[in-house]
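To start, the structure itself, in structure tokens.
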């Protein structure tokens, strides 16, 4: 009898672990699908890690976000860490609380027709449904966002004087929303390699 009970306990323990792992796999796939739907863009991720304790968060490694109209990669990041709110998640809604993006590389490109690769405008029309806009609003309800050691490249092919480009390195960004005080703090710094060498820029804004 003792051995039978022990076997039942072991089987039950394995069943609970299997359900837990299946649930985690489902949550990882669900969060990634929601993020793709929110951004309206395909996201390639090398690894998705879903953590429950001590806080619910999803960690994405080697992230690539594509232009919706081409195979061009708009944004890459070494790691994206998003802390999620519990109650919206129970309602199958992905709502972020804190966001960390490490070593992102953003390429902003404007083609000869004047379209930016981060724009939803196609031939002068906006093609974004209300559901996608609502999803983006929920996902971007972030109280704290940080961007660490980023690189931004801007390429403009629509200028009458030819293609122009600008590259910003060591980009640091921090947004801290203080709803109890009615304002938000924004800190941005970057370095630009100009003709006279490397120059630093540091900006700070407080938005009510």
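In my numbering, the protein residues as written are 830 to 1037. From the three backbone atoms N, C-alpha and C, an ideal C-beta is built for every residue, glycine too.
### Query
How about the stretch 967–983 and the stretch 918–930: do they share at least three Cβ pairs that are nearer than 8 Å?
With the cut-off at 8 Å, the stretch 967–983 and the stretch 918–930 touch.
### Task
Taking only the alpha-carbon atoms, compute the straight-line gap between residue 946 and residue 921 and give it to the nearest angstrom.
Straight-line measurement puts the Cα of residue 921 at about 30 Å from the Cα of residue 946.
### Task
Under the assumption that residue 903 contacts residue 936 (Cβ atoms under 8 Å), give the Cβ distance between them as a whole number of angstroms.
With 8 Å as the limit, residue 903 and residue 936 qualify as a contact, their Cβ atoms being about 6 Å apart.
### Task
Could you name each continuous beta strand (DSSP E) segment of 3 residues or more that falls completely within the stretch 986–1017, going from the start of the chain to the end?
The qualifying runs are 993–1007.
### Task
Excluding the 5 residues preceding and the 5 following residue 979 in the sequence, name in chain order all residues of the same chain whose CB lies nearer than 6 Å to its CB.
Here the set comprises 933, 1000.
#### Entry: Sub-8 Å separation of residue 885 and residue 864 beta-carbons
By the CB criterion at 8 Å, residue 885 and residue 864 fall outside the cutoff.
### Task
Inspect the beta-carbon positions of residue 881 and residue 938 and report whether they are closer than 8 Å.
Not closer than 8 Å, so no.
### Message
I believe residue 897 touches residue 876 by the beta-carbon criterion, under 8 Å. Please report the beta-carbon distance rounded to the nearest angstrom.
### Response
Taking 8 Å as the upper bound for CB-CB distance, residue 897 and residue 876 are not in contact here, some 24 Å apart.
### Task
Using alpha carbons as the reference points, say which of 993, 1004, 1010, 942 lies closest to residue 1018.
When 993, 1004, 1010, 942 are compared, the shortest CA-CA separation from residue 1018 is found for 1004.
### Task
Go ahead and pull the three-state DSSP assignment for residue 947.
Reduced to three states, the DSSP call for residue 947 is coil.
### Limits of the unbroken alpha helix (DSSP H) element including residue 917
Going by DSSP, residue 917 is part of the alpha helix (DSSP H) stretching over 915–919.
### Query
From residue 1022 to residue 996, what distance separates their C-alpha atoms?
Rounded to the nearest angstrom, the two C-alpha atoms are 7 Å apart.
### Message
What would DSSP say about residue 882, mapped onto helix, strand or coil?
### Response
The answer is coil: DSSP assigns residue 882 none of H, G, I, E or B.
### Task
Enumerate in chain order the residues of its own chain whose CB-to-CB distance from residue 911 is below 7 Å, with the five nearest sequence positions on each side excluded.
Only 886, 887, 925, 928 meet the Cβ criterion.
### Message
I'd like to know whether the C-beta atoms of residue 860 and residue 923 end up nearer to each other than 8 Å.
### Response
In terms of Cβ geometry, residue 860 and residue 923 form a close pair [threshold 8 Å].
### Message
Quick check on the burial criterion: 16 or more other C-beta atoms within 10 angstroms. Buried or exposed for residue 889?
### Response
Residue burial annotation: residue 889 is buried, with at least 16 other C-beta atoms found within 10 angstroms of its C-beta.
### Query
So what does DSSP say about residue 910, is it helix, strand or coil?
Strand, per DSSP.
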